[in-house]
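Participant: Note that the working numbering numbers the sequence shown so that position 206 is 206, with each residue one more than the last.
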Amino acid sequence: MESLAQRAALLRESLHKSQQATDAVVSILGSFDSRLSALDSAMRPIQVRTHAVRTAHENIDRTLRSADVILTQFDRTREAEREIQKGPHENLQGFLDAVDRLRSIERFFSSNRSYRSSDGVLNHVNSLLSKALVKMEGEFQNQLSQRSKPMEPDRLFDCLPSTLRPSSESQPEGGKNPSSENQQSPEAAVYSPPALIEPKFVPLLSKLAQQLVQAGCQQQCSEIYSEARASALESSLKNLGVEKLSKDEVQKMPWEILESKIGNWIHFMRIAVKLLFAGERQLCDQVFECSQSLRDKCFAAITKNSLATLLSFGEAIAMSKRSPEKLFVLLDMYEIMCELQTEIDTIFVGESCSQMRDSALSLTKCLAQTAQKTFSDFEEAVEKDATKNIHTDGTVHPLTSYVINYVKFLFDYQSTLKQLFQEFKKEDGTGSELAAVTMKIMQALQNNLDAKAKQYKDPALMHIFLMNNIHYIVKSVRRSEAKDLLGDDWIQRHRRIVQQNANQYRRIAWSKVCLLFIYN
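#1: Thinking Pro193 and Leu275 are a contact (beta carbons under 8 Å), I'd like their distance in whole angstroms, please.
#2: Among Lys475, Gly314 and Val498, which residue has its Cα nearest to the Cα of His267?
#3: Which value, in whole angstroms, describes the spacing of the CA atoms of Leu434 and Glu351?
#4: DSSP on Gly94, reduced to helix/strand/coil?
#5: Return the residue from the list Glu249, Lys297 and Leu283 that minimises the CA-CA distance to Gln220.
#6: What are the boundary residues of the alpha helix (DSSP H) that His391 is part of?
#7: What residue range is occupied by the uninterrupted alpha helix (DSSP H) comprising Cys298?
#8: The alpha helix (DSSP H) spanning Ser226 covers which residue range?
#9: Could you give the distance in angstroms between the alpha-carbon of Pro45 and the alpha-carbon of Phe95?
#10: Hey, could you find the ends of the alpha helix (DSSP H) Pro398 is sitting in?
#11: Buried or exposed: which applies to Arg155, given that a residue is buried once 16 or more other Cβ atoms fall within 10 Å of its Cβ?
#12: If we count the other Cβ atoms within 10 Å of its Cβ and call it buried at 16 or more, is Val190 buried or exposed?
#13: Expressed to the nearest angstrom, what Euclidean distance is found between the alpha-carbon atoms of Ile497 and Phe378?
#14: Rounded to whole angstroms, what's the CA-CA distance from Pro150 to Leu196? Just pull it up for me.
#15: Can you tell me where the alpha helix (DSSP H) with Gln286 in it begins and where it stops?
#16: Let's test the definition: count the other Cβ atoms within 10 Å of the Cβ of Pro88 and tell me whether it reaches 16, buried, or not, exposed.
#17: How about Met356 and Trp265: do their beta carbons lie closer than 9 Å?
#18: Going by the beta-carbon positions, is the gap between Leu410 and Leu420 smaller than 9 Å?
#19: Measure the Cβ-Cβ separation of Leu144 and Ala215 and say whether it is below 9 Å.
#20: At which residue ranges does the stretch 187-213 contain complete alpha helix (DSSP H) runs of 4 or more residues, listed in the order of the chain?
#21: Please report how far the alpha carbon of Leu129 lies from the alpha carbon of Val99, in whole angstroms.
#22: By the 10 Å Cβ neighbour count, where 16 or more other Cβ atoms means buried, how is Leu515 classified, buried or exposed?
#23: Where Gln171 and Ser320 are concerned, what is the direct C-alpha to C-alpha distance, given to the nearest angstrom?
#24: Tell me whether Cys353 sits in a helix, a strand or coil according to DSSP, three-state version.
#25: Considering only residues of the same chain and omitting the five flanking positions on each side of Ser291, which have a CB-CB separation below 8 Å?
#26: How do the stretch 301-314 and the stretch 232-243 stand: do at least 3 beta-carbon pairs fall below 8 Å, yes or no?
#27: Buried or exposed, going by whether 16 or more other CB atoms sit within 10 Å of the CB of Gln492?
#28: By Cβ distance below 8 Å, which residues in the same chain neighbour Ala278 in space, the five residues on each side in sequence not counted?
#29: If you follow the alpha helix (DSSP H) that Val477 is in, where does it begin and where does it stop?
#30: Out of Lys452, Ala436, Asn126 and Ser246, state which residue places its alpha-carbon closest to the alpha-carbon of Val396.
#31: So the alpha helix (DSSP H) Tyr334 belongs to, where does it begin and stop?
#32: Going along the chain, which residues of its own chain have a beta-carbon closer than 8 Å to the beta-carbon of Asn447, five neighbours each way excluded?
#33: Over the uninterrupted alpha helix (DSSP H) stretch that includes Ser260, give me the two end residues.
#34: So what's His89 in DSSP terms, helix, strand or just coil?
#35: When the Cα atoms are used, what is the spatial distance from Cys284 to Arg479?
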């Protein structure tokens, strides 16, 4: 028990000492806390001043950077102003670059209106842009006037396929158009539209146009471009030989002069569409790359009068008084319009050109209708030919040779005629309609010959006349392309008619011989 009491006393003494140590530590820590609080209070003003200094430095840096940007914009403005003042004549590319810089400066200050100098700079920049715009319009007009020169005929002829170039001895005259006289078909021929403006100047014109469009000057830009190019195009056609003739003037011309002009017109249409109009479309697309609607609008304005002049001549021919000799030139004109129709639809694309496409298609249909009516007129004229002059010896009548030659010429247009009949009578492409028309003409001729044969008082001469004429017809058909179209049955039938007339003639002649023998 005594040892246990001693241990308890030692334990109490240890606890007492531990409590004293704890109290001492607490007292020490309490003094540290008060010292740290005093230190913190002393440091706080220094921290505030340090933060203020740091913030001031950051603000100064930002201000300096902003000032640097603004000063840079001021420098760019002064540089651009110098270029604008000099104008585009000395350095067009530098002038355009200066305009681009001014637009960039305008965007910068418009999006940073908080800057004190923004409004003043914007007013100055807009003033410079206005001056630049006036100078750009003038330069655009000046460049187009200098570069838009009429194309000389020789340059245009050089762009044609070799088979379609006029020879040095003769210019294109009337008759069948060159494409049908050469081995190279129009579809296979390669055309090379000329460069209407030197290629090195086109990008600069395009940039000027783009700047004007961006400035909202589409109307002025369109008018300047269209006026310059339309004048050059009309002069090119005039140099080529295209005349502005009224429909009344065309319809009053003597046929010999008109036939020559029709041959030239066919050549002019091919050159205009495949070279000049195609070149204008290509140039419009390059200059107004920035606006599809402006391309179509300008192209329509440029080509409207020129196309109307060409189509007006064709319309005058199509509406003129019909006659058999006009059928071949009508077919020539119809042929060239069919050849060009696809290209016209491609070149004259867009709503702005819709009326011009319709006018070209209308002429094609009008030519086809007139050609068809001329066919009917010819058939009727053959059947009703009332010439009384017949040869006393019963030889071939001039009407027969005229009709046969006419039909032979028609077969030079066999593919064109099939296309014409296909368009209006849903021809199946086998030539059945052409064969039917040819047979009608032949039948009309035969009916007329039967009537003319009755003018002979001598029955023998009547049969000789029929025999000679029908034999001439059969022989001519067998030697021409009409043979395949009319067929062997037609030829055999008419050979039998020849034989019948020959037999009749022999019987009559034999009867006359017998009578003479009896009476003598």
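Every residue, glycine too, gets a C-beta built ideally from N, C-alpha and C.
Facilitator: According to the structure data:
#1: Contact between Pro193 and Leu275 is confirmed by a C-beta separation of about 5 Å, below the 8 Å threshold.
#2: Here the closest residue by C-alpha is Gly314.
#3: So the alpha carbons of these two residues sit roughly 38 Å apart.
#4: Reduced to three states, the DSSP call for Gly94 is helix.
#5: Checked all of Glu249, Lys297 and Leu283; the closest Cα to Gln220 is Lys297.
#6: Secondary structure note for His391: it is in no alpha helix (DSSP H), with a DSSP letter that is neither H nor E.
#7: Residues Gln292 to Ala318.
#8: Per DSSP, Ser226 is one residue of the alpha helix (DSSP H) stretching across Gln218 to Leu240.
#9: So the two alpha carbons sit approximately 59 Å from each other.
#10: DSSP places Pro398 inside the alpha helix (DSSP H), whose first and last residues are Pro398 to Leu410.
#11: Arg155 is exposed by the Cβ-count criterion.
#12: Counting Cβ neighbours within 10 Å, Val190 comes out exposed, since fewer than 16 surround it.
#13: Rounded to whole angstroms, Ile497 to Phe378 spans 24 Å at the Cα level.
#14: If you take the alpha carbons of Pro150 and Leu196, they lie about 8 Å apart.
#15: Gln286 -> alpha helix (DSSP H) spans Ala278 to Val287.
#16: By the 10 Å Cβ count, Pro88 comes out buried.
#17: Contact: no.
#18: For Leu410 and Leu420, no; Cβs fall outside 9 Å.
#19: Between Leu144 and Ala215, the CB-CB gap reaches or exceeds 9 Å.
#20: Entirely contained in the stretch 187-213, not one alpha helix (DSSP H) run reaches 4 residues.
#21: In a straight line, the C-alpha of Leu129 is about 7 Å away from that of Val99.
#22: Its pLDDT being 47, under 50, Leu515 is placed unreliably by the model, and the measurement read from it follows with that caveat. Classification of Leu515: exposed, given that the 10 Å Cβ count is below 16.
#23: Note that Gln171 has pLDDT 46, beneath the 50 cutoff, so the model's placement of it is unreliable and the number below is only indicative. Counting only the Cα atoms, Ser320 lies some 25 Å from Gln171.
#24: In the structure shown, Cys353 sits in a helix (DSSP, three-state: H, G or I).
#25: Taken in chain order, the residues that qualify are Val213 and Gln218.
#26: Under the Cβ criterion (8 Å, minimum of three pairs), the stretch 301-314 counts as touching the stretch 232-243.
#27: It is exposed - the Cβ of Gln492 has fewer than 16 other Cβ atoms within 10 Å.
#28: Cβ neighbours of Ala278 beyond the five flanking positions: Tyr191, Pro193, Glu343 and Ile347.
#29: Val477 -> alpha helix (DSSP H) spans Pro459 to Arg478.
#30: Answer by Cα proximity: Lys452.
#31: Per DSSP, Tyr334 belongs to the alpha helix (DSSP H) from Leu327 to Ile347.
#32: Scanning its chain for C-beta atoms nearer than 8 Å, with the 5 sequence neighbours on each side dropped, one finds around Asn447 the residues Glu383, in chain order.
#33: First-last of the alpha helix (DSSP H) with Ser260: Trp255 to Ile271.
#34: His89 falls in the coil class under three-state DSSP.
#35: So the two alpha carbons sit approximately 53 Å from each other.
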